[in-house]
Every structure is written in C-alpha cells, then in structure tokens.
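K.L.:
If you're matching positions, the sequence shown starts at 35 in the numbering used here and goes up one per residue.
Ideal Cβ positions, reconstructed from N, Cα and C, are used throughout, including at glycine.
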Amino acid sequence: MSHDELRNPDRPAGLPENAYRKLEEGEVYHPVVPADRPLPEVTAYSLFWGMFYAVLFSMAAAYLGLKIGQVFEAAIPIAILAVGFSVMTGRRNALSENVIIQSIGASSGLIVAGAIFTIPGLYILGLEATFMQVFLASLLGGFLGILFLIPFRKYFVADMHGEFPFPEATATTEVLVAGESGGNQARILVKALFIGGLYDFMVSGLGFWKEIVSTRAFAWGRKLADSVKLEFNVNIGAAVTGLGYIIGLKYSLIIACGSFLSWWVLVPAIYYIGQFNPEPILSAAKPISDMLPIEIFSEYVRHIGIGGIAAAGIIGIIKSRRIISGAFRLAAREITGKGVEHGAERPERLQRDMSMKWNVILIFASLIGVFAFFLLGVVGGNWYHALVGLAIVTIISFLFTTVSARAIAIVGTNPVSGMTLMTLIIASVILVSVGLKGEQGMLAALLIGGVVCTALAMAGGFITDLKIGYWLGTTPVTQQRYKFLGTLLSAAAVGLVILMLYKTYGFGPGGLEAPQASAMAAVLKPLMTGQPAPWLLYLAGIMLAIVLEFIGVPPLAFALGMYLPLYLNTPLLAGGLIAHFVSRSSAEKKLQSARKERGTLIASGFIAGGAIMGVVAAAIIYFGQLIFGEGWSMIRALGTDHWQESFGGEALGFVMFVLLLGYLYWDSRRARVE
C-alpha cells in the first residue's frame, strides 16, 4: 500500500511524501488528519482499550524484564492490536482513537523499566519494599518524565522535522496508518502470540522440557566446566528469541560478544590465576578454586560489565552536552515567556500543548510529592535527608530528559539503565556524605534511582508518542493529559506484579534474574556498608568502554552483554541470525522487506505471548501456594520436575528450540508482495 491512498476511501489518506524528509524552505508539513477537521480522539472506546493494554502489558513487560533484563516495548504490538480490532469490528475513522489507545497503553513498558531496574535490588539486598513505595516511585517518576519533556515537544517533533529517524515512532505510525492491512497484521500477531505463549507455558508452567540447555548435560561438557570453567548454555524461550529477532543481528551480536568475553575469556582466566589462592578474595564467601563459573562471573566479572555500563552512560552524556545546555535555555524561555509575543492568538490544534503555567504548577506539585514520599516513607521524617533526595531527583531527571529523548529519536533505544546506575553512584556518595548509609541509605538510594529511572524512561518513550501524533495529526495536549492516566494504571499494575513475582519466584540467583537490579544492588552495597568496593574491576570496565567507543563499537550494548548471564544472550544471537537470514532470503528488495516485516510481527507475538504466559504461570503458582502451601508448583503437581532436569528433558529442550527457530524462519518467508 502506498502512502498516497488507502484502499478504504472512508479512512484518512496515508502519510504525505514529506513526512520523513527535511522540509524545503517555505515548505509546510500537513499531517494525515487536518488541523481543521479532527477525528474523534478521547472516547469511551479509546479510554477503555488504552487502560486495558496499559495494565495487561505492564504485567507482561515486568515479568519479561525481570527474567531476562530486556523490557518489552509495547507500542508496536498495541498499535497492531488496536488497528486490527477497529478493522475487524468495522469501526470507521478510528485513526486518532488508536493513537490515544497506543499512547495510554505504551506507558506500560516505560513504567516497567523504571521499576524493575531498581526496586528488585531492595529484595536482593535483603530489604523489603511495600506496594506503596513501588507505586509512588513509579507514579511520581512517570509524572516528572512527562512534565519535563512537554517544553521540548516542539523542538524534537516539529523544529527538527526530518533530522531524526525516530525508528520506533516510524514503525508504529506505519502500523496505525496502514488501515485495512492492520487486520491481517493483527491476525499474524495473534497467531504468533498463541504459539509463543503455549511454547513458553509448556516450559515454565508444565515442565515439558528444560528451559536452559547447557553443555553440562554431556560428560565432556561437565569435565570442561569443572576443569577450566568453560561452558555454553542457552535459554530456549520463545520470548527472548523473538526479542533477538527484533534487535537484529548487529546489536544482538555485540551483546553476545560481551557475554563471550565474560564467560569464555575472563571467567576461565580468573580461575586459571585464582585457583592457586586458598583464601577468598575481596568480599567472596569462598576461594576461586571452589567456585562454579556462575559464581566467578557474579563475584568478579560482572563488576567489569558494571563499570562499562557506567562509562557508556557518561560517554553518552558528553556526546549530548550541547543538547543538555540547550535544554536549560529552552526551558527558561518557555517558563518565563521570553520570545513569546504578547496578545498572540491561541495556537492551532496541532500546536497546542499543556499551558506552561499548568506545567510548572504540576512540576512543583510532583516535586512536593517526591519530597513527602522521601520524608514520610523513606528517611523516617528527616527533612535534611529528604531535601537532599529531592535535589538529586530534580537535577538528574531534568538534566537527562533531552538525552533520553534524543537517544530514542536517533536509535530507538534509551540507555536508561546506564544513566540510572550512574545516578545510584552519585546518590550513594552524596547520601553517605550527609550521614545516610547502611540499610536506610540503600533503601533511599534505590528509591531515588527508581524515581529517576522512571522519569528518564517516560521522557524517552513519550517523545515517540508525540512524534506519532505529529505525523498523524493528533492534538498534543490531549496526548499529554491522558498520558497521566496510563502512568497511573501502569504504576499500580507494576507494583502488584512485582510483589507477586517476588513472593512466587524471588529475585536474584535461584529466582528471576532481575539482572539490572542485581547490578544496581552490587554497586550500591559496598558504597553504603563500608565494604571494599571492587574499584579496579569498575575501572577495567570503564577503560574497556572507552576503547570500544574509539573503535566504533557501541559500548553500552557490549557492556550490557558482559554483565548478563550467557544463557540470556545466546538466544538473542539466535533470533538475530534468523532475522539476518530472512532479510537475505531474496534478491528482490520489496520481498526482502515484506519477509522481514512479517518476521517482526511473529517475533512480537512470541515476545507478547511468552511474557503474558509467564505472568499466568506465576499467578497459578502464587495462588496455588496460597491454597496448597509454600513450595507448591504445577510442575511438581504434574510430576514433570524430575523429567525437566533430566538429560532427556534437556535434549528435548534443544530440539524444541531448533524447531522454534525453524518455524520463525519458515513463517517469515511466507510473506508475499501484492
């Protein structure tokens, strides 16, 4: 389908020719929905489905993020489902309604990122977080992210028209404007969602085969792991494989190479040197000679990856220094009204933002809420400590708002974990200097990090929503107002699901990995308890990130791979390879594009289905333990737990993984060009 017309004449025309390119001098961009002929935006229909998807995808994204460390971006699947449902029900002129549905629902992944990157660290450190603490940290951070970004909407989405590619916004816009083809896309997505969900439920819910396949299943593999600490393992889940397909070969390979360096070079090297030392080193509980590969990784190698992530965040800020300094000037002009003509007419619908007066009022109200939250719920009534926490949140959240927005606009990826890690280090040093340390200091630092992380994630994601609205002709102030509703619902859903997953699985080794939160906790604990921190390992990671930046390798992706377990990164590479083979399966460019797009829909279905069924499996275990007692699981009830851990269960897992990859490749190639 071309951008010039859609097959259904009752629907709006497609995107104009100048939607993605720079405008010529005097040229004006006219969106799909004209300024003087708006379509219905906020209706009972759009509110219901937006709220429904916000809750549903919050739960799914929280499970997936805690399991593999990658947050499921919900914008595209929600857009596909919204368009598909409106087409299948024959709803006319639903384009602007679908934008609102997507905007409200997409709050889910943004709020989830802020929560799961930080809050589980409290449980890993042996502390408890209440529902209200999780809820308020997510809610207030989300509100600040929205409010700090609003003054920069015009700059990013209008003034810089054609300057930034906005990859996620482009894909979502194409789905929303596709109209009739969205129904077929939704059917492909729903079928893949069913297959991926059933596949992952057979593993996590029923125990039909093993989820992590390792070379330790073989005698030679066990000997290799025991003698030189070298092993290979892979998570055979559909969700993480789909994620690898969407990431693509380039970045999945960079992430995997970070893991290969950690697990196949550094772990064996540390064992080779440390096996002759009979005493534990640093804060380890046992000598290196007695450690398994995962223990060497957790105690030593992961800290190198953490240093690399922190350095990558700093490098990103340095590269964006002009945007940061410009952000202060632009915000000052907007707030003070300088440069705005007095008596100017009210801006047209497509340029109408929330008034700066209300924006400033709501910013101050949110900051007062942050202060009250810290004062009453974190630092036990100490005004000085609460003011210090408020200052950290305010400065860092505002400073990094445009960094997050620019990252999303250019590459579609927000390095929020690296910026949050740096926030934790800064917050820890400051809090210790003002006398707030130990368990209360760790609680304060992680909740400060949670608020900041959520604010930055929301700022980066919200610019995508606003760009979609700009291309399609949605009223900006409407998107801005109802984004608060999506934030409220997502914060509540995330708080509930985090507590449920903690009660069911736990976090850290032996439970859900929560890799980013584990890294945050690993950095925070020595800073807050006076233990010796592995500064030399952090320094090694910092130097590695600098070298990677010099040679043109994205340091954040590589460092992320270094501190994630190997079995979470190998399926990413497998999915990336399938994406590469699909895109190269035809010499015809249009057919290549069609096959890659169909594969993206299938992979999105795998992610959504696997994540949703993971939450369902967790809910079954949670309520089963309430009824039958602690330790109950469906796998034990069915008697498949021993089979799952046997050689046969592991071999079957490998076979099923190969079949899953084969299906992804085969079904992707079924795309046709009309």
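Smallest Cα separation from residue 266: which of 314, 410, 328, 206?
P.N.:
Among 314, 410, 328, 206, the Cα nearest to that of residue 266 belongs to 328.
K.L.:
On the premise that residue 382 lies in contact with residue 69, defined as a C-beta separation below 8 Å, what is that separation, rounded to the nearest angstrom?
P.N.:
Between residue 382 and residue 69 the Cβ distance is about 5 Å, and since that is below 8 Å, they are a contact.
K.L.:
Between the beta-carbon of residue 246 and the beta-carbon of residue 594, is there less than 9 Å?
P.N.:
no
K.L.:
For residue 393, count neighbouring C-beta atoms within 10 Å of its own C-beta (all shown protein chains included) and say buried if the count is 16 or more, exposed if not.
P.N.:
buried
K.L.:
Closest to residue 302 by CA distance: which of 77, 414, 330 is it?
P.N.:
330
K.L.:
Does the stretch 226 to 240 come into contact with the stretch 251 to 264, if we say contact requires no fewer than three beta-carbon pairs (one atom in each stretch) closer than 8 Å?
P.N.:
no
K.L.:
Does residue 216 pass the burial test, meaning 16 or more other C-beta atoms within 10 Å, or should it be called exposed?
P.N.:
Reliability of the predicted coordinates at residue 216 is poor, the pLDDT of 48 falling under 50, and the value obtained from them is presented with this limitation in mind. Flag for residue 216 reads buried.
K.L.:
Would the C-beta of residue 635 count as close to the ligand ADP, meaning under 8 Å from any of its heavy atoms?
P.N.:
Ligands in the displayed structure: none, and consequently the ligand ADP is not present.
K.L.:
Short check: CB of residue 18 to CB of residue 172, under 9 Å?
P.N.:
Residue 18 cannot be examined here, being either before or after the span of the chain that is shown, 35 to 708.
K.L.:
Compute the beta-carbon to beta-carbon distance between residue 222 and residue 632, rounded to the nearest angstrom, for a pair I have assumed lies under 8 Å.
P.N.:
6 Å
K.L.:
Which residues in the same chain have their Cβ closer than 7 Å to the Cβ of residue 675, if we skip the five residues on either side of it in sequence?
P.N.:
241, 669
K.L.:
If we count Cβ pairs, one from each stretch, closer than 8 Å, do we get three or more for the stretch 521 to 528 versus the stretch 305 to 313?
P.N.:
no
K.L.:
Could you tell me the distance, in whole angstroms, from the CA atom of residue 585 to the CA atom of residue 282?
P.N.:
A straight-line Cα-Cα distance of about 21 Å links residue 585 and residue 282.
K.L.:
Residue 389: which of 185, 244, 415 sits nearest, CA to CA?
P.N.:
185
K.L.:
Out of 521, 224, 618, 654, state which residue places its alpha-carbon closest to the alpha-carbon of residue 170.
P.N.:
521
K.L.:
According to DSSP, which residues form a beta bridge with residue 541?
P.N.:
546
K.L.:
What residue does the alpha helix (DSSP H) around residue 288 start on, and which one ends it?
P.N.:
Its alpha helix (DSSP H) spans residues 283 to 295.
K.L.:
Run through DSSP, which three-state label would residue 45 get?
P.N.:
Caution applies to residue 45, whose pLDDT of 42 falls short of 50 and renders its modelled position unreliable; the value that the coordinates give is listed next. Reduced to three states, the DSSP call for residue 45 is coil.
K.L.:
Closer than 8 Å by C-beta to residue 57: which residues in its own chain qualify, once you throw out the five before and the five after it? Chain order, please.
P.N.:
Excluding positions up to five away in sequence, the list reads 63, 195, 196.
K.L.:
Which class does residue 153 belong to by DSSP, given the choice of helix, strand or coil?
P.N.:
coil
K.L.:
By DSSP, does residue 248 sit in helix, in strand, or in coil?
P.N.:
strand
K.L.:
Going by Cα to Cα distance, which pick from 250, 132, 541, 110 is closest to residue 202?
P.N.:
110
K.L.:
With a Cβ-Cβ cutoff of 9 Å, do residue 183 and residue 439 count as a contact?
P.N.:
yes
K.L.:
Decide yes or no for the touch test of the stretch 497 to 511 against the stretch 133 to 145: beta carbon pairs closer than 8 Å, at least 3 of them.
P.N.:
yes
K.L.:
Under a three-way DSSP split, which group does residue 39 fall into?
P.N.:
Reliability fails at residue 39, whose pLDDT of 38 lies under 50, so the model's placement of it is uncertain and the value that follows must be treated cautiously. Reduced to three states, the DSSP call for residue 39 is coil.
K.L.:
At a cut of 8 Å, does the stretch 270 to 290 reach the stretch 633 to 650 through at least three beta carbon pairs?
P.N.:
A contact exists between the stretch 270 to 290 and the stretch 633 to 650.
K.L.:
Where do the N-terminal and C-terminal ends of the alpha helix (DSSP H) with residue 267 fall, by residue?
P.N.:
Residue 267 -> not in any alpha helix (DSSP H); beta strand (DSSP E) instead, spanning 267 to 269.
K.L.:
Could you check what DSSP says for residue 314 in three-state terms: helix, strand or coil?
P.N.:
coil
K.L.:
Between which two residues does the alpha helix (DSSP H) containing residue 577 stretch?
P.N.:
Taken as a continuous stretch (DSSP letters only), the alpha helix (DSSP H) holding residue 577 covers 569 to 585.
K.L.:
How close, in whole Å, do the beta carbons of residue 175 and residue 484 come, if the pair is a contact with beta carbons under 8 Å?
P.N.:
7 Å
K.L.:
On a CA-only basis, which of 91, 210, 610 is nearest residue 508? Give me that one, please.
P.N.:
210
K.L.:
May I have the straight-line CA-CA distance separating residue 678 from residue 433, to the nearest angstrom?
P.N.:
Approximately 49 Å between the Cα atoms of the pair.
K.L.:
Can you tell me which of the three DSSP states residue 241 falls into?
P.N.:
DSSP places residue 241 in coil when its eight states are reduced to three.
K.L.:
Which two residues bound the contiguous alpha helix (DSSP H) that contains residue 298?
P.N.:
Premise fails: residue 298 is in no alpha helix (DSSP H) and is neither H nor E.
K.L.:
CA-CA distance, residue 346 and residue 582?
P.N.:
9 Å
K.L.:
In chain order, what residues of the same chain lie with their CB nearer than 7 Å to the CB of residue 473, ignoring the 5 residues before and after it?
P.N.:
Taken in chain order, the residues that qualify are 161.
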